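Engineer:
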Amino acid sequence: MAGQQARVLVFANQKGGVAKTTTTLNLACAFAESGHRVLAVDLDPQGNLTMSQGVDPDTVETSMYDVLVHRTPIRDVIRSREIDVACASIDLAGAEIAMSTMIGRERALEKALAPVIEDYDFVCIDTPPSLGLLTINALTAADKVIVPVQCEYLSMRGLIQLQNTLGMIRENLNPEIEIEGILPTLVDTRTLHAKEAIELLEENFGDRVFASRIRKTVRFAE
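Using my numbering, read the sequence shown as starting at 700 and increasing by one per residue.
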């Protein structure tokens, strides 16, 4: 893929606890195992994606906060592990306030990725559980969105908010952004509730609902 831009995928859901980071990590690693060059970008102040690669977010000297707020080159915060990861830190919790007066703040991530976009085949972006400025940056920079959704009605109601946000971003910032797919997660196949929730997803989103399911297990919860 020399000379070609990476395909940028963002994993988003404003509800926490839906296996979003797990999905981001597993898909990024699957791409890497298939021989692709992969960059994972951790935009979640919790830094779980960063920690998954053996990097302590509390000890990194520079992070995605510096990239977005101080325009530090993104190469300076990339660590090469199982995959390349652009590290998060707890400072990201203050990034949205720090960026609030910046001109072009919605495109900070898009501009930061530009120098490395041809170095990778895939860029996978993990986002915080909100639809704030960090997630808007990710959606502005992305080609497609993958939405992990827990199979409960409150989680699915959040999809409406996400769709509204995508509509605004499509109109003002990134006309090409689309939902690549919706991934049902934490599915308890023993319950009628989960089956009804998946049916509701399929009624509303059709073939954009992935056939794959992440099942709810005690091991996952631990």
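Glycine included, C-beta positions come from ideal geometry on N, C-alpha and C.
Note that the structure is predicted; figures quoted are calculated from it, not measured.
Using the rule of at least 16 other Cβ atoms within 10 Å of the residue's Cβ for burial, across every protein chain shown, is Phe919 buried or exposed?
Structural biologist: A caution first: Phe919 carries a pLDDT of 43, below 50, which makes its placement in the model too unreliable to give a value.
Engineer: How far does the alpha helix (DSSP H) with Ser829 in it extend, from its first residue to its last?
Structural biologist: Taken as a continuous stretch (DSSP letters only), Ser829 belongs to no alpha helix (DSSP H), as it is neither H nor E.
Engineer: If we ignore side chains and look at the alpha-carbon of each, how far apart do Ile845 and Asp743 end up?
Structural biologist: 16 Å
Engineer: Inspect the beta-carbon positions of Ile835 and Glu805 and report whether they are closer than 8 Å.
Structural biologist: Pairing Ile835 with Glu805 gives a Cβ-Cβ distance under 8 Å.
Engineer: Which term fits Gly746, buried or exposed, when burial requires 16 or more other beta carbons within 10 angstroms of its beta carbon?
Structural biologist: A buried status is given to Gly746, since no fewer than 16 other beta-carbon atoms sit within 10 Å of its beta-carbon.
Engineer: Closest by CA to Leu833, which one among Ala896, Val740 and Gln703?
Structural biologist: Val740
Engineer: Give me whichever residues DSSP pairs with Gln849 in a beta bridge.
Structural biologist: Thr884, per the DSSP bridge assignment.
Engineer: Start and end of the alpha helix (DSSP H) containing Ile796?
Structural biologist: Ala794 to Met798
Engineer: Just checking my contact of Asn863 with Thr839 at CB under 8 Å: how many whole Å lie between their CB atoms?
Structural biologist: Going by Cβ atoms, the distance from Asn863 to Thr839 rounds to 16 Å, so no, they are not a contact pair.
Engineer: Going by DSSP in three states, Met700 sits in which element: helix, strand or coil?
Structural biologist: Bear in mind that a pLDDT of 38 at Met700, under 50, signals an unreliable position, so the number given afterwards is only what the model happens to contain. It is coil, neither helix nor strand.
Engineer: Does the beta-carbon of Met798 have 16 or more other beta-carbons within 10 angstroms, so that it is buried, or is it exposed?
Structural biologist: buried
Engineer: Could you tell me which whole beta strand (DSSP E) segments of length 3 or greater appear in the region 745 to 801?
Structural biologist: 777 to 779 and 783 to 785
Engineer: Locate the beta strand (DSSP E) running through Ala731, then write down its first and last residues.
Structural biologist: Ala731 -> not in any beta strand (DSSP E); alpha helix (DSSP H) instead, spanning Lys719 to Glu732.
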